[in-house]
Every structure is written in C-alpha cells, then in structure tokens.
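Residues 18 to 307 in my numbering are what the sequence shown spells out, letter by letter. Quick reminder that beta carbons are idealized off the backbone N, C-alpha and C, glycines included. See structure below.
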Amino acid sequence: MNPKLVLEAKSELGEGPSWDSRKGVLYWVDIFRGLVHVYDPDKSEDRVVQAGHYVSSVVPRKSGGVAITLQHGFYRLNLEEGKPSLLAGVEENLARNRFNDGKCDPAGRFWAGTMDIEEKSPFAALYVLEKRKAVRKVLEGVTVSNGLGWSPDKRTMYYIDTPTRRISAFDYSERTGDIENRRTAIDMSGQPGYPDGMAVDEEGMIWVAHWGGWRVTRFNPQTGKALEHVEMPASQVTSCCFGGEELKQLYLTTARAGISPDALAKEPQAGGLFMLEVDVKGLPTFSFSG
Ligand code: CA
C-alpha cells in the first residue's frame, strides 16, 4: 500500500475529512486558514469555501449542505453562499478553548469536542448536538479532543483525547446517544507520535492517524494490537476517512503546522491530501440529521 498525493494543498492544518456519498466528494478543513475544502476525485478538483477562523470539522447534512464547527459553536453552512449560521454555541466564555474534531454517529447526531489551544489544561469537553434538542455536554476533563468512531454493530464508541496517547472505548446506545463504561481499547504510548483522527472499517478495525509519527496504523480494538501500518511522506498525519464509490479509498489529511522551516524542506508534501487504496471496505460517513 502506497499513499498517493492527490492534492498538493500545502494546508497549514489539514483536518476533519468526511465523505459525501450523495455527491461523491470529500469535505475537509484547513483549521488555521478557516477553509472548508470540497475535493471531487472524479474531476481532480478542489474548491475552497471561507468558513471562518478555526473551522475544525465538517459533516454532510441530510437536508443539504454541511454542518461545521467553528471556535465556539456548531453551525450549518451553505457551500454556495458560504455564510455559516449558528446552530448551538459552547464555551463562549472560554477564550483559551476551541472546537476540534467532530463526526456524526449512526443516528445522525453531531459529536464534537473542544481543546485547550495550548494543549495543556484538561478543561475541554465533548459535546453532542441532536435534532430538535439542546447541545449536551457528554464528557469533561478533556485536553485535546480528537478522533471519534463507532463499531460496525453500533454498540461501541471510540474516542481520542490526544495527550493521553490512548484510544478509549465506551458502551454506546444508538437510541439515546448515551455513552458509559469508559475503558482503554488501545494504548499508543509505545507508538510513534500521538493519536489524532481515526476511521473504522467494516471489520471493526480502527485506522489511526499519527500526529508527529509519519504513519497511519490499523489496530484491532479487541486486542489493542497494531495489525499493520503505512508510512506517510508527511510527519503530521492528522486524520483519515473512507471514501470512493466502494469506500475502499482511505483519504488522509496532513499539516505543515508545528514543523520548523528546516524540517519542512525535507517533507515538501506536508499539508497535502493523500489517498490509500485499501483491501477492506470502510464504514460510511454518517450525515447530520439536524
Ligand atoms: Ca485532529
């Protein structure tokens, strides 16, 4: 398996990929540039929409368009007009925090967590936004909220708080959206870099992007063991998502942020969008029902 550079984007902090199966496009963001990207693999075209500072995640909406997170809230965004409109605010009084990774669960709820911008204090949290309901805080004591995923049987949620270097598992109820019984599924303390974004495949295995680790690894969350890894031509691998008609293409975002100019000269493809042809089918991106 060889990662292919599909877009030489040179993004500062490429992140948050999601696949829109209706349109056959990949959404992703550049957090520091405030951009939502719409990548169309059939045309090899990428379009950008100015969404706002710290846009950190983007998901398709069932009713059309997308939903995003900006620093202090969930928004809907019309990709033609580009004007975000607030769905629910969080942490407006916490200037040191911002929203980070977000994703929808199989029932169409939009989950997203916040982070301490300096990545030091555990005063961030994980939130969930559901159609016709107020935003709900579901987890506290978080430092850098990151990857999210659900098992194929929809009974387990996976979650990454990056500095813990662990992937947590929770019992998850698709009906209520409640999570409980947190435990460690994968301990990544012996692995290069830090766990960032993730994607789950049809066999229930977890693909994890290594921030600062030059790789993506497929883990078995039942045993906690690494099954295989693929080396990347960029050190800051931020997130991944299955796309393509058959969901057998793993798209990977990367970043230039946090790399010195000297080091950056040695990884000219940093910040690019990559794609890996894989043998296993991924789970689909779920859309926001709100
Ligand atoms: Ca991330």
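DSSP beta-bridge partners of residue i
i      : result
Asp178 : Ser162
Gln67  : Leu52
Met215 : Val225
Glu294 : Gln266
Asn237 : Lys242
Pro101 : Leu94
Ala186 : Tyr175 and Arg200
Ala129 : Gly119 and Tyr144
Phe303 : DSSP, once it has assigned bridges, lists no residue as partnering Phe303.
Asp37  : Val42
Ile85  : Val75 and Tyr92
Ser256 : Thr270
Trp231 : Per DSSP, none; premise fails for Trp231.
Glu32  : Val46
Val247 : Val233
Lys154 : Tyr144
Asn114 : Asp133
Lys21  : Met292
Gly106 : Gly90
Glu62  : Asp57
Cβ shell of residue i (< 7 Å), same chain only, five flanking positions each side left out
i      : result
Val247 : Met18, Pro20, Arg232, Val233 and Leu293
Pro139 : Gly158, Val159 and Thr160
Asn198 : Phe187 and Asp188
Ser59  : Strictly speaking, residue 59 in this sequence is Asp, with Ser absent from that position. Only Gly41 meet the Cβ criterion.
Val229 : One detail in the question is off: residue 229 reads as Gly in this sequence, not Val. Excluding residues within five positions, the ones whose Cβ falls inside 7 Å are Gly210, Tyr211, Ser252 and Gln253.
Leu24  : Tyr56, Asp63, Gly289 and Leu290
Ser102 : Tyr92 and Arg93
Glu245 : Arg235
Gln88  : His70, Tyr71, Arg115 and Phe116
8 Å Cβ cutoff met for residue i and residue j
i      : j      : result
Ala226 : Leu290 : no
Val75  : Ser35  : yes
Leu146 : Ala216 : no
Ala142 : Leu165 : no
Ile203 : Gly241 : yes
Leu30  : Asp47  : yes
Val107 : Tyr144 : yes
Pro77  : Ser304 : yes
Thr131 : Asn114 : yes
Ser306 : Asp118 : no
Leu300 : Pro180 : no
Ser73  : Phe127 : no
Ser80  : Arg50  : no
Ser185 : Arg200 : yes
Gly90  : Ala105 : yes
Arg183 : Met205 : yes
Gly214 : Leu43  : no
Cys258 : Thr302 : yes
Ile223 : Tyr175 : yes
Nonlocal neighbours in the same chain, by C-beta distance under 6 Å from residue i, ignoring five residues either side
i      : result
His54  : Trp45, Asp63 and Val65
Gln286 : Leu22, Pro250 and Ala251
Lys148 : Ser306 and Gly307
Ala151 : none
Asp218 : Val297 and Gly299
Asp37  : Pro77
Arg153 : Val145
Ala282 : none
Lys171 : Pro123 and Glu191
Chain-order list of residues whose beta-carbon lies under 8 Å from that of residue i (same chain, five-residue window excluded)
i      : result
Asp296 : Lys265
Gln208 : Arg182, His227, Gly230, Thr234 and Ala243
Arg39  : Pro77
Gly82  : Arg93, Leu94, Asn95 and Leu96
Val284 : It is worth fixing the name first, because residue 284 is Glu in this sequence and not Val. Taken in chain order, the residues that qualify are Pro250, Ala251, Ser252 and Ile276.
Discussion item. Does the stretch 159 to 174 come into contact with the stretch 135 to 151, if we say contact requires no fewer than three beta-carbon pairs (one atom in each stretch) closer than 8 Å?
Written reply: yes
Stretch-stretch touch, CB-based, cutoff 8 Å, three pairs: the stretch 275 to 291 with the stretch 92 to 100:
no
task: Any chance you could list the residues with Cβ under 6 Å from a heavy atom of ligand 1, keeping chain order?
output: Glu32, Asn117, Asp118, Asn163, Asp213, Gly214, Thr255 and Ser256
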